[in-house]
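Residue numbers (the numbering used here): 158 to 493. Ideal placement from N, C-alpha and C gives every residue a C-beta, glycine not left out. Only a predicted model underlies this, so the values are computations on that prediction, with no experimental measurement involved. Each remark here refers to the structure printed beneath this line.
Written out as structure tokens, the structure is:
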């Protein structure tokens, strides 16, 4: 999730485990350690544009790395902060470890994928229960946490943790509701996919994107699961068949496609608007469309060492923005 949310969650958990005279340093250590695993975003390569995809949410996010990361951050903070908060080093390490421990688990609640069980497997855990950014979770927990720190209150810190856990639990409930409703609609189509993916659209738990594969195509729809459920039919596109691209002997690019397939959990297709753009079908600004937020661009007739190019696109017109608002509100839209 975003750094602010990671800091708030790490801070709340650490502060909830402190003593009254330790609330402030524990909260600070938890916040910094809660953000620290995302330092893996610095692992990049000018020559290999997909390297950062492989190493973000990698070893720093694994469960086995928690005590290592917590010890590193805790010992550094002990050196820097003991002048103001003279706790024992082990208390700094304990606070930082508590903050670090929240990061991978919180990221696993999103749909991006987190390697919680590295090095035993490279499986990307994604529980699909919350958006990467969710202002209700972040601002609600932050408000409680600020009051807790101001009052040096362990109980309020624990209340912040309870709020966080409750909101995440609501996300799991909403996820199951979305899946249940999707199964009904999909069965009415005569489709029987082995797996259905449901993920919340940007910054909310009401509007969900549904993606499933039936035969050789991906189908994308949306559903609002507020008080009155509303289904928004979407689009479909053929599943990627590399034979349908222009690549033949470009081995590096072909390997890059497989790396992107792993990152995207095999939800990849050729952009219907651009035959040289391979996209991650899971993500779009409007949840019932196939218009990617990111993908890789292939180039034909290149040398063996040429990589694909990673591209992002987050443009949204005023018309599509209004359509998103209407879908969030559960209104009927023209595309329905």
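DSSP, read as helix, strand or coil, puts residue 260 in helix. For residue 364, the enclosing beta strand (DSSP E) covers residues 364-371. Excluding the 5 residues flanking it on each side, residue 318 has same chain C-beta neighbours closer than 7 Å at 169, 170, 173, in chain order.
As the crow flies, the alpha-carbon of residue 455 is around 51 Å from that of residue 304. A Cβ-Cβ separation of about 6 Å places residue 287 in contact with residue 357 under the 8 Å criterion. The Cβ atoms of residue 216 and residue 275 sit closer than 9 Å to each other. With a cutoff of 9 Å on beta-carbon distance, residue 375 and residue 424 are scored as near each other. Beta-bridge pairing by DSSP links residue 374 to 371, 395.
Sorting 310, 161, 355, 404 by C-alpha distance to the C-alpha of residue 458 places 404 at the top. Counting the other Cβ atoms within 10 Å of the Cβ of residue 248 gives 16 or more, which makes it buried. The way I'd put it, the segment 171-191 does touch the segment 227-239; three or more beta-carbon pairs between them come closer than 8 Å. Under DSSP, residue 422 shares a beta bridge with no residue. Per DSSP, residue 454 is one residue of the beta strand (DSSP E) stretching across 451-454.
The C-beta of residue 166 has 16 or more other C-beta atoms within 10 Å across all chains shown, which makes the residue buried.
In the three-state scheme derived from DSSP, where H, G and I count as helix and E and B as strand, residue 291 is classed as coil. Here residue 211 carries a helix assignment [DSSP, helix/strand/coil]. In chain order, 425, 426, 427, 435 place their CB closer than 7 Å to the CB of residue 397, counting only its own chain and leaving out the 5 sequence neighbours on each side.
DSSP places residue 428 in the strand class (E or B) of the three-state scheme. DSSP places residue 379 within a strand segment (E or B) once states are collapsed to three. Contact between the segment 174-183 and the segment 297-317 is present, with at least three C-beta pairs closer than 8 Å.
Taking the Cα positions, residue 163 is about 42 Å away from residue 460. Rounded to whole angstroms, the gap between the alpha carbons of residue 485 and residue 379 is 10 Å. In the same chain as residue 266, and ignoring 5 residues on each side of it, the C-beta atoms closer than 7 Å to its own belong to 284, 286, 287, 325, 328, in chain order. Annotation: residue 225 to residue 299 spans about 27 Å, alpha carbon to alpha carbon.
Contact check between the segment 334-352 and the segment 407-418: fewer than three CB pairs, one atom from each, fall below 8 Å, which does not count as touching.
Between residue 279 and residue 218, the C-beta spacing is not below 9 Å. Rounded to the nearest whole angstrom, the CA to CA distance from residue 192 to residue 292 is 17 Å. Sorting 253, 213, 476, 320 by C-alpha distance to the C-alpha of residue 158 places 213 at the top. Separation of the CB atoms of residue 377 and residue 445 is rounded to 6 Å, and the pair is thereby assigned contact status at 8 Å. Of the candidates 391, 481, 469, 469 places its Cα closest to the Cα of residue 206. For residue 161, the closest C-alpha among the options 295, 270, 476, 310 is that of 295. The C-alpha of residue 270 is placed about 26 Å away from the C-alpha of residue 252.
With contacts defined by Cβ atoms closer than 9 Å, residue 338 and residue 363 do not form a contacting pair. A distance below 7 Å between beta-carbons, with the five flanking residues on each side excluded, links residue 208 to the following residues of its chain, in chain order: 200, 201, 202.
For residue 466, the enclosing beta strand (DSSP E) covers residues 466-469.
Here DSSP, grouped into helix, strand and coil, assigns residue 434 to strand.
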